[in-house]
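Undergrad:
In the working numbering, the protein residues as written are 64 to 192.
(1) Check whether the segment 162 to 174 touches the segment 182 to 189, taking contact to mean three or more Cβ pairs, one atom from each stretch, closer than 8 Å.
(2) Between the Cα of residue 121 and those of 71, 178, 189, spot the shortest distance and give me the residue it belongs to.
(3) Residue 76 by DSSP, collapsed to three states: which one?
(4) For residue 105, report the span of its alpha helix (DSSP H) as first-last.
Shown next as structure tokens:
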């Protein structure tokens with residue numbers, strides 16, 4: 064049986080309607096569930112048909128390690144915090160250093176008194192952190 068692939072919506076200006084995709088997964092009754100849940104699950108599947116199989120994503124072309132550079136004017140140290148070229152900020156990596164707010168958030172989750180959460184919320188409200 065040949066697989067039927069569906070359109071997958073992009074983001075923002077690349078978004079497309081996916082509710083008009085032709086194929087849908089068939090509704091299936093699931094036996095062995097507690098009383099009434101099998102029929103309820105089946106009814107949910109028929110009320111809002113499930114999408115079909117997503118279209119496989121195109122793989123980017125792999126560049127060989129020995130291939131000539133595609134950026135001959137860019138220094139080899141671009142993206143690191145030493146040498147010529149832009150530093151690591153150009154990589155847009157998430158900040159991995161813990162902040163006072165991130166530590167307070169973790170403590171607040173395990174503080175039954177709620178005092179740490181009050182301190183955390185106060186700092187968030189004041190824009191501290």
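Note that CB positions come from ideal geometry on N, CA and C, so glycine has one too.
TA: Taking the structure as given:
(1) Yes: at least three Cβ pairs fall under 8 Å.
(2) Nearest option by C-alpha distance: 71.
(3) In this structure, DSSP gives residue 76 a helical state, which the three-state scheme calls helix.
(4) Start and end: 100 to 110.
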